[in-house]
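Colleague: The sequence shown maps to residues 4 to 215 in the numbering used here.
Even glycine gets a Cβ: it sits at the ideal position worked out from N, Cα and C.
Below: one structure in C-alpha cells.
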Amino acid sequence: MKKLQDIIDAVVAGNIAGTKEAVNKALAKGIAPLDVINNGMVAGLDVVGEQFASREMFLPEMILSAVAAREGMAVATEGLDKGQLKPKATMVIGTVKGDLHDIGKNLVALVLRSRGFDVIDLGVDVPEEQFVSAVREHKPDILGMSCLITTTMVGMKDVIDALIKAGVRDRVKIIVGGCPVNQEFASQIGADYYSRDAGSTGALLEKVVTKI
Ligand code: B1M
C-alpha cells in the first residue's frame with residue numbers, strides 16, 4: 004500500500020491536530036487502521052529518525068513528532084478490536100545502576116510506544132537483579148539499557164552477566180544506548196544492538212521485531 008503523505012507530513016511537522024485530522028480523513032476513506040498506522044505514523048517516524056540523525060531536526064521537534072504520532076495512533080486504534088491491537092513487541096527499558104539520567108531513555112520509550120511497542124519502563128538507577136526479575140516477569144522480546152556517565156557503563160555488562168547467570172540471556176534481544184556508549188562497547192559486552200538516538204532506535208527495532 005502506498006504511503007499516506009498527509010499523515011507523514013503532519014507527523015514530521017509535529018502537528019498534533021493535523022495528524023489527528025489526517026488520520027480521521029484516511030479512516031473515513033476506508034483505509035484500514037493498521038495501514039494508517041504503518042503507512043502513516045510509522046512511516047512519518049522513519050522520516051523523523053532520519054532527519055534527527057542528520058541534524059535536520061532537533062530534540063524539541065522530535066518530541067513533538069513523537070507525541071503527534073502517539074496521538075494519531077490513539078485515533079487510529081479506537082476502532083480496532085483487541086486482537087488487532089496486539090503490540091508489535093514488548094520491551095523492558097531502564098537506566099543502569101548509579102545513573103539518574105532519564106531524558107534520553109524516556110525519549111526512546113516515547114518513540115517506541117508511538118510505533119506500537121509495549122514498553123515497560125523500570126526507571127533510573129536500576130540494579131541488575133531488577134532487570135533480571137523484569138525479564139522473568141514480563142517476558143519481553145527486547146531489553147533496553149541506557150547510561151549517560153562513563154562510570155556507569157560497566158552496569159550494562161553487569162546486567163548481561165546477571166542475565167547469563169540466571170539462564171535468561173537468550174530470551175531477549177539486548178540493545179544499549181546513551182552518549183558514552185558505541186557499537187564497539189556494545190559488541191564487547193555482548194549486547195545485540197547499539198543505537199545512537201531515539202529515532203534510529205525506533206527504525207532499528209522495527210526491523211528486529213519482524214525477525215523475532
Ligand atoms: Co549529567 N552528566 N550528571 N545531569 N548531564 C552528563 C551526561 C555529562 C556528559 C555532562 C558533562 O560533564 N559534560 C556528564 C558525564 C561525564 C562523563 O561521564 N564522563 C554528567 C555528569 C558528570 C553528571 C553528574 C555526575 C554531575 C554531578 O553531580 N557532579 C550527575 C550524575 C548523577 C547520576 O546520574 N548519578 C549528573 C546529573 C545530571 C542532572 C540530574 C542534573 C541532569 C539529568 C536529568 C535527567 O535526566 N532527568 C543532567 C543532565 C541534563 C546532563 C546533560 C547536560 C544532558 C543529558 C541529556 O538529557 N541529554 C549531559 C551533557 C550532555 O549530554 N550534553 C550530562 C539529552 C538526551 C535526549 O540525550 O541522554 O544522550 P541522551 O539520549 C539520546 C541518545 O544518547 C540515545 O537516544 C537519546 C535520544 O536521542 N539514547 C539511547 C539514550 N539512551 C538510549 C537507549 C537506547 C538507545 C538510544 O536503547 C536502549
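Just to confirm, does ILE123 get its C-beta within under 7 Å of one of the non-hydrogen atoms of the ligand B1M?
Modeller: no
Colleague: Between GLY147 and the ligand B1M, is the CB less than 7 Å from at least one heavy atom?
Modeller: yes
Colleague: Nearest to VAL179 by alpha carbon, out of GLU187, TYR196, VAL114?
Modeller: TYR196
Colleague: Quick check on LYS91: buried or exposed, where buried means 16 or more other Cβ atoms within 10 Å of its Cβ?
Modeller: LYS91 counts as buried, since at least 16 other C-beta atoms from the protein chains shown sit within 10 angstroms of its C-beta.
Colleague: Based on the DSSP secondary-structure assignment, which residues constitute the bridge partners of LEU146?
Modeller: VAL95, ILE177
Colleague: Give the C-beta separation of GLY205 and LEU62 to the nearest angstrom, bearing in mind that I take them to be a contact with Cβ-Cβ under 8 Å.
Modeller: That belief does not hold up - the Cβ atoms of GLY205 and LEU62 are roughly 15 Å apart, past 8 Å.
Colleague: With respect to the beta strand (DSSP E) encompassing VAL45, which residues constitute its N-terminal and C-terminal limits?
Modeller: Neither: VAL45 is in no beta strand (DSSP E) and is coded neither H nor E.
Colleague: Go to ILE123, then tell me how far its alpha helix (DSSP H) extends in each direction, as first and last residue.
Modeller: Annotation for ILE123: no alpha helix (DSSP H) segment contains it, though the beta strand (DSSP E) segment containing it runs 121-124.
Colleague: For VAL45 and ALA16, I'd like the C-alpha separation in whole angstroms.
Modeller: 14 Å
Colleague: Give every residue of the same chain whose Cβ lies closer than 7 Å to the Cβ of ALA137, excluding the five residues on either side of it in the sequence, and list them in chain order.
Modeller: VAL95, ILE123, LEU125
Colleague: State the start and end residues of the unbroken alpha helix (DSSP H) segment that holds MET65.
Modeller: 62-80
Colleague: Suppose contacts are defined by Cβ-Cβ distances below 8 Å. Is HIS141 in contact with THR93 by that definition?
Modeller: yes
Colleague: Can you give the Cα-Cα distance for PRO143 and ALA112, rounded to whole angstroms?
Modeller: Computed Cα separation, rounded: 14 Å.
Colleague: So, do the segment 102-119 and the segment 67-75 have three or more beta carbon pairs nearer to each other than 8 Å?
Modeller: yes
Colleague: Between LEU59 and THR22, is the Cβ-Cβ spacing less than 8 Å?
Modeller: In the sequence on display, residue 59 carries Glu and not Leu. Their beta carbons are not under 8 Å apart, which means GLU59 does not touch THR22 by this criterion.
Colleague: Could you check what DSSP says for VAL129 in three-state terms: helix, strand or coil?
Modeller: Note: VAL129 maps to strand in three-state DSSP.
Colleague: Kindly indicate the opening and closing residues of the alpha helix (DSSP H) around VAL211.
Modeller: 201-214
Colleague: Buried or exposed: ASP173, going by 16 or more other Cβ atoms within 10 Å of its Cβ?
Modeller: It counts as exposed.
Colleague: May I ask whether a heavy atom of the ligand B1M can be found less than 7 Å away from the beta carbon of VAL50?
Modeller: Not one heavy atom of the ligand B1M sits closer than 7 Å to the Cβ of VAL50.
Colleague: Grab the span of the alpha helix (DSSP H) containing PRO36 for me, first residue to last.
Modeller: 36-39
Colleague: Determine the contact status of LEU151 and GLY107, defining contact as a CB-CB distance below 8 Å.
Modeller: In this structure, GLY107 lies closer than 8 Å to LEU151 by Cβ.
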